[in-house]
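Per the numbering used here: the sequence shown = residues 40 to 178. Quick reminder that beta carbons are idealized off the backbone N, C-alpha and C, glycines included. Since this is a predicted model, take the numbers as computed values, not measurements.
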Amino acid sequence: MQKPSAPDIADSFDFHRQHPEISIDQYVKVNALELADSIQHVEKIYLDKRFWVLLRDAHMGRSKIQAATELLREIRSAVVGEKILCPISESVFLELLKQQDLETRQATAQLIDEFSHGITLVPYEQRDGPGHPNFRDTQ
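Below, the structure is given as structure tokens:
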């Protein structure tokens, strides 16, 4: 799971300039399907805010909970080995923004980036609706 580089981003702009007939919705849908396919082999584990905070504290060396340190090590190893990833939800992201302390907010964001590879859950409003890959019209 590789982050885009500057040349990748420049190529993307060139592509969009050359193909104005492709709508944003079409582009997003194709890329969402490609992303879903590329991570199909990876197990996804959802962590709620409590676990992100526990893991963040272990990451910062602040935790006195041995199990949190062990869990951090196991998750990190599994993410590096591309066995799992931990996508975040909209609510976890919003909670991150509420953290007042810049040091802990940055540490949490770094951990989320590391474990999620920038992948998020589809927002609730967009799940199982028209245009979503899992939408099935039963009528």
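- For a cut-off of 8 Å, the C-beta gap from V67 to L124 is around 20 Å, too long to register as a contact.
- As DSSP reads the structure, E82 sits in a beta bridge with I123.
- Taking every protein chain shown into account, the CB of P126 has 16 or more other CB atoms within 10 angstroms, so this residue is buried.
- Fully contained in the segment 90-170 are the following alpha helix (DSSP H) runs of length 4 or more, in chain order: 105-119, 129-137 and 141-155.
- L94 and A75 do not touch by the CB rule: their CB atoms are close to 25 Å apart, not below 8 Å.
- Put simply, the segment 143-155 touches the segment 126-135. At least three CB pairs are less than 8 Å apart.
- From the listed residues R89, D50 and H156, the smallest Cα separation to S130 is found for R89.
- Taking C-alpha positions only, D152 is separated from H58 by approximately 31 Å.
- Look at H55 here: in three-state DSSP terms it is helix.
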